[in-house]
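As structure tokens, the structure follows; a few thoughts come after it.
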Amino acid sequence: MTNNPFPLSRDDLLTAYRTMRTIRDFEERLHVEFAKGDIPGFVHLYAGEEACATGIMMHLTDIDRIASTHRGHGHCIAKGVDVHEMMGEIYGKATGCCRGKGGSMHIADLSKGMMGANGILGAGAPLICGAGLAAKFRGDGGVGLTFFGDGAANQGTVLESMNLAAIWNLPVIFVVENNGYAESTSVEYATAVDSYVDRAAGFGLPGVTVDGTDFFAVYEAAGEIIKRAREGGGPALLECKTVRFFGHFEGDAQTYKAKGENEHNRAHRDCLKLFGARVTAAGIVADADLALIDREVAALIDDAVETAKGAPLPGPRELTTDVYVSY
Amino acid sequence: MTSQTPPKVGIIANPISARDIRRVVASANSVQVADRANIVLRALAALAACGIEDVVMMPERGGIATHVLRGMERSNAQGEARFPRLTHLAMPVTGTADDTRRAARMMREAGDIAAIIVLGGDGTHRAVVAECGSVPIAGISTGTNNAFPEHREPTITGLATGLAAMGRVPAGLAFAANKKIEVRIDGGPPEIALVDVALVTDRYVGARALWRTETFRELYVAFADPEVIGMAAIAGLVEPVSRREPGGLALTLAPAATAAMTVCAPIAPGLVTPVGVEGWRRMPAGKLFSPDMAAGAVALDGERELFFDGHQQVAITLQDAAFRTVDVAAVMAYAAREKLLLRHATPALHPVPLLAGA
Ligand SMILES: Cc1ncc(C[n+]2csc(CCOP(=O)(O)OP(=O)(O)O)c2C)c(N)n1
Ligand SMILES: [Mg+2]
């Protein structure tokens with residue numbers, strides 16, 4: 001990679017772009033489809049935050065585990081969960097990765113190290129300590145990452161887990177996706193000291209804040225933090241300052257946002273645009289390479305939606321399967 | 001400044017410095033927000049002790065203001081007059097470096113701010129200097145590398161700033177002139193560095209800090225002190241250049257494995273590592289330097305900020321006497337010499353009996 005001025009090979013740059021584009025299209029399409037009324041439950045869209053999941057997950061393999069949030073589609077896609085199975089799950093169909101019984105906030109795929117989206121704020125943090133402990137016992141160099149928002153960062157579970165990870169020196173990384181809002185409450189209102197690095201310091205963990213709309217910033221920082229954890233260096237915190245393009249959930253009127261905020265973010269803080277501009281200007285990737293990926297991803301999402309719509313619902317007999325009790 | 005308008009002092013405290021990757025790739029500290037607020041309280045108390053009655057602060061929502069106001073309220077409730085009046089600039093808060101720049105600009109435009117106390121790292125100081133014009137600054141280090149602000153107890157920085165702002169020390173002695181380096185890409189608006197400009201092979205900004213020495217290619221420093229940390233340390237260990245002498249130093253760097261020589265340099269806190277050096281020359285003020293490398297990233301005071309591609313022109317120039325700082329050491333020496341902080345006890349009107357009230 002001597003002539004490549006980026007920290008990733010050309011192929012990996014294209015993979016990163018494909019992942020971010022897949023998440024973006026997945027979410028933009030759900031925004032349209034949800035309004036039609038045939039998707040059960042709530043969906044929380046990750047559009048705008050793609051560089052966080054992608055910049056981090058590029059460093060992981062299937063032995064590494066993640067615990068996600070209510071806004072989990074991006075984490076799933078970046079961790080390698082199948083897009084068709086995800087779409088099936090969101091439509092509540094038998095073809096979904098949890099056979100349609102979970103929906104958007106419970107997508108999980110243990111074969112990919114994806115321990116689950118989670119409807120309970122801060123609930124991923126204790127889970128990932130368990131995964132981190134297991135990895136430490138196995139000694140396989142695996143790491144665990146839990147994602148949580150600026151709002152969930154105030155949950156006791158998150159703080160307790162930081163303490164646990166610190167005393168057991170677990171290979172666990174706490175990722176705060178700070179998009180400025182918890183539902184309609186701004187981070188300035190809800191958080192006494194709005195640097196999450198200070199929180200980490202309270203437990204003796206190093207913390208790093210990066211611009212979460214810059215793929216390379218996330219990629220570099222996550223790479224060093226994950227490497228450190230794999231080598232036994234212990235837990236750390238990564239704060240990604242990011243933006244959410246849509247409302248908290250689909251149907252949110254977003255009256256708490258400043259006028260023009262979404263437009264400004266889409267124009268100036270779009271991680272996909274920033275990434276595309278950088279790699280093409282440096283001459284490593286051509287516009288045509290990105291356009292080809294755009295077309296392939298569009299076709300993939302089309303097909304995932306069509307397939308999910310046409311798939312069967314789980315049958316009544318499925319009610320008593322996949323539970324801890326045998327009937 | 002007329003004698004009728006009592007001088008004000010500005011404070012710009014960045015709540016978000018010292019949060020970057022150097023906490024993981026090196027052993028950099030992270031100054032907690034509560035500590036930053038305590039530093040502000042110390043500086044405020046020192047300013048009041050010098051007779052400063054009004055202080056204007058940059059607003060922020062990172063938690064500094066809340067803590068400072070709490071401390072002041074408690075003191076006021078106890079009837080102490082330990083602090084000056086504190087107001088915050090009326091400006092929007094974005095939580096980015098734009099706030100620092102805007103606050104520095106407003107403090108310059110206000111016309112009655114005699115000096116600005118800055119809390120932050122090299123990056124914060126750079127942002128202030130970009131906008132503060134001829135208003136002198138007094139730096140307090142709460143960042144990572146901090147080659148620019150001197151390391152000292154903030155109470156003393158507050159005292160020196162207060163004395164200088166009150167005009168109790170001759171201006172020629174109280175304020176020192178500093179160099180800066182300007183970088184222009186394709187003749188655009190200049191970006192500045194207070195300590196060093198480094199060119200590296202990366203073509204992205206990423207996590208900003210510099211720690212992969214194999215990417216280092218060129219280095220331009222305004223001063224090179226063997227006691228500083230960061231990129232300027234490399235220059236400081238090959239040919240020291242003081243803050244006060246004219247001109248700086250330009251170095252050609254290379255990967256340590258292939259370079260003509262290496263210097264073992266403290267490029268980040270706890271990170272002492274060989275850096276390849278091919279050569280160096282003096283950098284006179286006003287002389288235009290153009291990089292040899294065709295494309296890369298420009299790091300200002302140790303943080304990647306800009307990138308340039310093959311078709312772009314990069315111009316680097318050093319400027320002498322570019323901005324002013326409070327010379328804390330000189331002010332405090334003068335204060336001691338001239339007994340500025342000495343008070344003689346006023347003889348009591350009615351002598352107090354030795355065992356009064358016993
Ligand atoms: C324990 C718990 N409390 C409250 C909620 C309701 N709730 C769902 S999402 C949300 C806001 C989360 O904000 P943040 O953590 O910043 O994540 P973001 O939605 O911004 O990604 C709240 C309060 C919940 N799901 N779980
Ligand atoms: Mg949030």
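From first to last, the protein sequence lines stand for chains X and L. The UniProt record's numbering applies: residue 1 is where the first sequence begins, and numbers increase by one. The UniProt record's numbering applies: residue 1 is where the second sequence begins, and numbers increase by one. Backbone N, C-alpha and C define an ideal beta-carbon position, used for all residues, glycine too. Computed from a prediction, not measured in an experiment: that's the story for all the values here.
Among the bridge pairs identified by DSSP, P274/L is matched with C264/L. In the structure shown, L340/L adopts coil according to DSSP, grouped into three states. M57/L is bridged by DSSP to I11/L and H88/L. Using a Cβ-Cβ cut-off of 9 Å, D64/X is close to nothing in chain L; its nearest Cβ partner there is about 18 Å away.
Excluding residues up to 5 positions away in sequence, G247 lie with their Cβ nearer than 6 Å to the Cβ of Q254/X in the same chain. Listed in chain order, the positions of the region 271-297 of chain X with a beta carbon within less than 7 Å of a beta carbon of chain L are R278, A281 and A282. In this structure, V197/X keeps its C-beta atom at 9 Å or more from the C-beta atom of I225/X. Residue-level contact by beta carbon fails for S75/L and chain X, as no gap is shorter than 9 Å. One residue list follows from the rule of a beta carbon closer than 7 Å to any heavy atom of ligand 1, given in chain order as H44/X, T69/X, H70/X, R71/X, G119/X, I120/X, L121/X, G122/X, F148/X, G149/X, D150/X, G151/X, A152/X, A153/X, Q155/X, E177/X, N179/X, Y181/X, A182/X, E183/X, R244/X and H248/X.
In this structure, I116/L places its C-beta atom within 9 Å of the C-beta atom of I12/L.
Per the Cβ contact rule, the region 336-343 of chain L is not in contact with the region 238-254 of chain L (fewer than 3 Cβ pairs under 8 Å). C97/X: not part of any alpha helix (DSSP H); DSSP gives it neither H nor E.
For V187/X, the Cβ falls inside the 8 Å cut-off from some heavy atom of ligand 2.
Taking CB atoms only, R10/X has no neighbour in chain L less than 9 Å away. Approximately 15 Å separates the beta-carbon atoms of G95/L and A18/L; this is outside 8 Å, ruling out the contact. Among the residues facing chain X, D186/L is not included, as its CB has no counterpart in that chain under 9 Å away. In this structure, A268/L lies near G302/L, with their beta-carbon atoms less than 9 Å apart.
Contacts with chain L (Cβ-Cβ distance below 8 Å) from the region 205-226 of chain X involve P206, G207, V208, T209, V210, D214, F216, A217, Y219, E220, A221, E224 and I225, listed in chain order. Three or more Cβ pairs closer than 8 Å define a contact, and the region 40-56 of chain X meets that threshold against the region 258-271 of chain X. Residue range R22 to V25 is occupied by the alpha helix (DSSP H) that includes R22/L. Here M283/L is bridged, per DSSP, to G248/L. The beta carbon of I137/L sits closer than 8 Å to the beta carbons of A115, I116, I117, V118, H125, V128, V129, F323, R324, T325 and V326 from its chain, once the five residues preceding and following it are set aside; these are given in chain order. The continuous alpha helix (DSSP H) containing R295/X extends over residues D287 to G310.
The beta-carbon of S111/X is placed no less than 9 Å from the nearest beta-carbon of chain L. Taking the Cα positions, D112/L is about 11 Å away from M106/L. In the DSSP assignment, M114/X forms a beta bridge with I66/X and D109/X. DSSP, reduced to helix, strand and coil, places F175/L within a strand of the structure shown. Listed along the chain, the chain L residues whose CB falls inside 9 Å of the CB of F147/X amount to none; the nearest CB is some 18 Å away. In this structure, C97/X sits away from M115/X, with a CB-CB distance that is not shorter than 9 Å. For the region 184-197 of chain X, residues whose beta-carbon sits nearer than 8 Å to a beta-carbon of chain L comprise E188, A192, V193, D194, S195 and V197. If you draw a straight line from the Cα of P7/L to the Cα of M332/L, it is about 19 Å long. For a cut-off of 8 Å, the C-beta gap from A330/L to A174/L is around 7 Å, short enough to register as a contact. The continuous stretches of beta strand (DSSP E) do not include F246/X, and DSSP gives it neither H nor E.
Following the DSSP letters along the chain, one finds I192/L inside the beta strand (DSSP E) bounded by residues E191 to A193.
Taking 9 Å as the threshold, the shortest C-beta distance from E239/X to chain L falls below it.
Looking at L271/L, L341/L, E227/L and E182/L, the one whose alpha-carbon comes closest to that of A299/L is E182/L.
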